[in-house]
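Have a look at the structure below, then the notes.
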């Protein structure tokens, strides 16, 4: 039965996609009017709606008939930015060259994005999750289509002279992070009545990485003090306390060449090297919880957004940031102080997927292994259950300063039990979906 | 997308013309275009639009209710739920359709206030949340949860209203092709502004002409197809319809084995008027030909003659040829017209029906009277002894006897030895024959005879000699015809059960009897040979029957209400008026009151916006009155610097700066002020106002 519903869903969403692209807004209005007059027109003794129905149908038939007579040859070159961001309009240019002999005018440019319809398994997950968490017939809580990639707008093309190229400004608003793939471009020509569009298409595969949504964070005094970093300046080649000279000593195997003090070697005849003070700087761990049985929910996306907000903010400070999460395997990415930039961290976060086949303990192991090198830990958690509280308790027992965020569903009334953070409650924050920006802005 | 100028007015005029409300349409058209000439605009808030929308929604609900009641919806639906069959289903469907069409016709008027508010508002659009229920719920939830509201989007409803007006214009029965041409012109006008710039106007004109031509051909084809479908004989469906009595035929239960089940449901209520005795029989139909086990009238509905009302809306329906007769009796009869059309149960000799609120009345030559109207008919029947509205006998009423029944009839008649008797004696003997030798029974046992040619009637006449009224009536009619006396088979109800001041007639009182032609009086007389014991057998009062009677009474009263036999509809209309008045008061007067209150309090704006209740505005007003008004767009801080240049205001300069900070925070800080700070803003403003007052007093001295 579910398979049948899934087929219906695919068919209906495909039909909707086709109708929205093929019909102009006036044409869509005409379709609605045709449906209403058809329903009214069954009883021809009581109403003349059947006359309206046939008239509208006649006009539509003419409009559709005009779509058979449109042919055009063209090439396009799309100039895309490297990144886009969820919810932020992505503006770019498309150069269109008319290869035909006639000037083409009144055209609209439509992007053909890759088919965003989910597989049966993905669709089923979402439906079951909705059934579990949303009351039937509740339209208020019903969320937007979680599979829709972007909102595209038809861009108006200027007149295209024969054998010439014009630039069209296009815009779309990404709705999901990750790679947004373009399949091609369609040039649409409306009929004389302005109801129905005829299409010519050209393939133009391209992609753009859509970064997660980020929130503004106020300047935050991150927990923890500086710590000796074993890698030394090799790990932090930029600036810091690493140039503090302490003494000279004899060369030992493995000392870097640039530390050799040439003048002393000339005087003593033995290689002498300069000795510097130990390397101290701040290093934070950003722990992203990816363990959820609701992979397509807003909660996980918000967790990624919160993590991205921290990644952007902290990497503008003079510190290192380790992003720790578990995906297909356990990952640790370090950025800051010249190692990597915020955009690289965001690229990783743009591709993070929920983990459903590994236990939460794998994240715990990963974090505890890194605990010796970090000054503080920021945890972005999807729940506040026993396993997560245990992780927090273990980190606290290691004496690490913590900043814990728990992402919760909108309308969650029960206050969060502080658990292992009861001695430090101001560093445990509950972020409610829909109010996250406001709650993050209040952080001190 | 905005339609061309005056298109909406043209659409409203068209709607008025098509709906028979031309003056209303013209008034609406003038008013809708008045914003082009009237400069006044109102700053309707979201709440105002919401109230107007509520008003329109309530009007819609009221109109639906009114249209449903007015189109016999409750009666037809009640009939459908009580006795679901094709006829009642069609009745219910017809009511729904008529209600829907009435609604479509009224929609342009109902939603006129809303579209007018849009035209006269400063925004020239309405907030999307006003008409989007889901968005409104979401916003309310967000507000309760303290979340920031999403940005307000507005929508222009001009084109949807244009479409609504055209749909309203389509909701009337077809009377020619004017609607089609008018609609074509209006649609062309609307599409002109949306045409593609790629094509020349000639191409557009060609496309419209081809489209309209296709539409014209299409609508002609639809009309012809529907006519063809209507002309097809759909009698094969008729077996699905179970009617109480049919004017065309009456299928008897002759030959049916087992018990005949009858229902105790009350179907007619009768009250004799002027102290008269009640009529014994209420006849619904009579039949001429017996074929198989069915009596046929051999007259279909087309053979019925229309009976006119005596003067428009007098509710008096004389039944020719007795309309000039002096009536001696009268009774008030209430019966159901299931499906909006049914035969009226009338006393023998009915000559005039009064207070009968129906649409149409027809009469058959065999005395059946068919009424079309609401689901319940309550009327006064005036009747007389002697004559009836039935046509005189024809040869068929004398000779029409199925050959299969002749043997059985002759056997029975042979027992009577009626040779040489007059007609009256024959009738007397036949009546005696049935009362002496036959008994009433609703039970029929299976036949043990091996004679396959034996009919149910001959078995009744020669062997079992017991049966129900259909046996007696059928046998009597055929026996009398065998004796060369004209007779017909009549069906209807027997009136015997008194209830309160009147009588009730149940389904179990349904009866069949004989009409016999009285040669001397030249009229038809009721001739009932069923033994009187049938009444006792059929009437079996039980507790359940009492409960059923109570339910029937309640149902009857409800039907009276919903079919307009009471003054409910008028009350309903009057009940809407105070509702509208209250809403108008809410929209107009409360807003004014609020504005007045705000002005009286020194604030010229509404105070429900964050921070606009700040007392600092009083200070600003007071200082501006001293001759240093704030320029448009001038920040408060810059203006205060200018104000503070006045040496007389030395004392308030410092408190003013503190107050300004508090005011800014109160106005723009999402966190707002804590209670102490809010109080400080209020207190210090009062203090500053007092100081300024003192300074002015001193300066005046």
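Chains as they are written, first to last, in our numbering: chain A, 4 to 447; chain B, -8 to 692. For every residue, glycine included, the Cβ atom is placed at its ideal position computed from N, Cα and C.
Candidates the options: closest to residue i by CA position
| i | options | result |
| --- | --- | --- |
| residue 569/B | 11/B, 46/B and 8/B | 46/B |
| residue 378/A | 285/A, 67/A and 369/A | 285/A |
| residue 219/A | 316/A, 279/A, 61/A and 257/A | 316/A |
| residue 152/B | 284/B, 514/B and 2/B | 2/B |
| residue 101/B | 55/B, 271/B, 354/B and 464/B | 55/B |
| residue 152/A | 97/A, 183/A, 313/A and 384/A | 183/A |
| residue 389/A | 368/A, 413/A, 363/A and 193/A | 363/A |
| residue 1/A | 156/A, 134/A, 132/A and 105/A | Within the shown structure, residues of chain A are numbered from 4 to 447, placing residue 1/A beyond reach of any answer. |
| residue 655/B | 27/B, 628/B, 351/B and 214/B | 628/B |
| residue 165/A | 108/A, 158/A and 150/A | 108/A |
| residue 113/A | 253/A, 345/A, 442/A and 23/A | 23/A |
| residue 22/B | 665/B, 551/B, 423/B and -1/B | -1/B |
| residue 214/B | 70/A, 81/A and 53/A | 53/A |
| residue 360/B | 185/B, 18/B, 482/B and 574/B | 482/B |
| residue 208/A | 421/A, 429/A and 83/A | 83/A |
| residue 29/A | 272/A, 199/A and 70/A | 199/A |
Range of the contiguous alpha helix (DSSP H) that encloses residue i
| i | result |
| --- | --- |
| residue 631/B | 627 to 635 |
| residue 240/B | Looking at the DSSP string, residue 240/B is not in any alpha helix (DSSP H); the run it does join, the beta strand (DSSP E), is 240 to 242. |
| residue 689/B | 666 to 691 |
| residue 454/B | Run containing residue 454/B: none; DSSP gives neither H nor E here. |
| residue 149/B | 149 to 161 |
| residue 424/B | 414 to 428 |
| residue 443/A | 439 to 444 |
Three-state secondary structure assigned by DSSP to residue i
| i | result |
| --- | --- |
| residue 172/A | strand |
| residue 387/A | coil |
| residue 155/A | strand |
| residue 296/A | coil |
| residue 355/A | coil |
| residue 150/A | coil |
| residue 226/B | Low per-residue confidence applies at residue 226/B: pLDDT is 37, beneath 50, and the placement is therefore not dependable, though the value from the model is reported in the following sentence. If DSSP states are grouped into helix, strand and coil, residue 226/B belongs with the helices. |
| residue 354/B | strand |
| residue 575/B | helix |
| residue 230/A | Because the pLDDT of residue 230/A is 49, which lies under 50, any placement of that residue in the model is unreliable, and the number read from its coordinates should be weighed accordingly. In this structure, residue 230/A counts as strand in the three-state DSSP scheme. |
| residue 170/B | helix |
| residue 188/B | coil |
| residue 259/B | strand |
| residue 366/B | coil |
| residue 407/B | helix |
| residue 122/A | coil |
| residue 394/B | helix |
Boundaries of the beta strand (DSSP E) in which residue i is found, first to last residue
| i | result |
| --- | --- |
| residue 479/B | 478 to 485 |
| residue 408/A | 405 to 411 |
| residue 194/A | Note, residue 194/A: premise wrong, no beta strand (DSSP E); not H, not E. |
| residue 209/A | 200 to 214 |
| residue 445/B | Run containing residue 445/B: none; DSSP gives neither H nor E here. |
| residue 270/A | Taken as a continuous stretch (DSSP letters only), residue 270/A belongs to no beta strand (DSSP E), being part of the alpha helix (DSSP H) at 265 to 271. |
| residue 505/B | 501 to 509 |
| residue 271/B | No beta strand (DSSP E) holds residue 271/B; DSSP gives it neither H nor E. |
| residue 642/B | From DSSP, residue 642/B is part of no beta strand (DSSP E) but of the alpha helix (DSSP H) over 641 to 659. |
| task | Can you give me, in chain order, the residues of the segment 190 to 204 of chain A that have a beta carbon less than 7 Å from any beta carbon in chain B? | result | Under the 7 Å Cβ criterion, the segment 190 to 204 of chain A contributes 192, 193, 194, 195, 196 and 197.
| said: Give me the subset of the segment 286 to 317 of chain A whose CB atoms are less than 9 Å from a CB atom of chain B, sorted by chain position. | reply: So the list is empty, because no residue satisfies the distance condition.
| Contained beta strand (DSSP E) runs [length at least 3] in the segment 43 to 69 of chain B, N- to C-terminal order | At a cut-off of 3 residues, not a single continuous stretch assigned as beta strand (DSSP E) sits fully inside the segment 43 to 69 of chain B.
| Listed from N- to C-terminal order along the chain, which residues in the segment 107 to 125 of chain A have their beta-carbon within a distance smaller than 9 Å of any beta-carbon of chain B? | Of all residues in the segment 107 to 125 of chain A, 107, 108, 109 and 110 have a Cβ within less than 9 Å of some Cβ in chain B.
| Relative to chain B, which residues along the segment 53 to 78 of chain A have a C-beta separation below 9 Å, given in chain order? | Answer set for the segment 53 to 78 of chain A: 53, 54, 55, 56, 57, 58, 59, 60, 61, 62, 63, 64, 65, 66, 68 and 69.
| Listed from N- to C-terminal order along the chain, which residues in the segment 151 to 165 of chain B have their beta-carbon within a distance smaller than 9 Å of any beta-carbon of chain A? | Of all residues in the segment 151 to 165 of chain B, 151, 154, 157, 158, 160, 161, 162, 163, 164 and 165 have a Cβ within less than 9 Å of some Cβ in chain A.
| task | Ignoring anything shorter than 4 residues or poking outside the segment 38 to 113 of chain A, list the alpha helix (DSSP H) runs there in chain order. | result | Fully contained in the segment 38 to 113 of chain A are the following alpha helix (DSSP H) runs of length 4 or more, in chain order: 52 to 69.
| Residues in the segment 166 to 184 of chain B having any Cβ partner in chain A nearer than 8 Å | Those would be 168, 170, 171, 174, 175, 178 and 182, in chain order.
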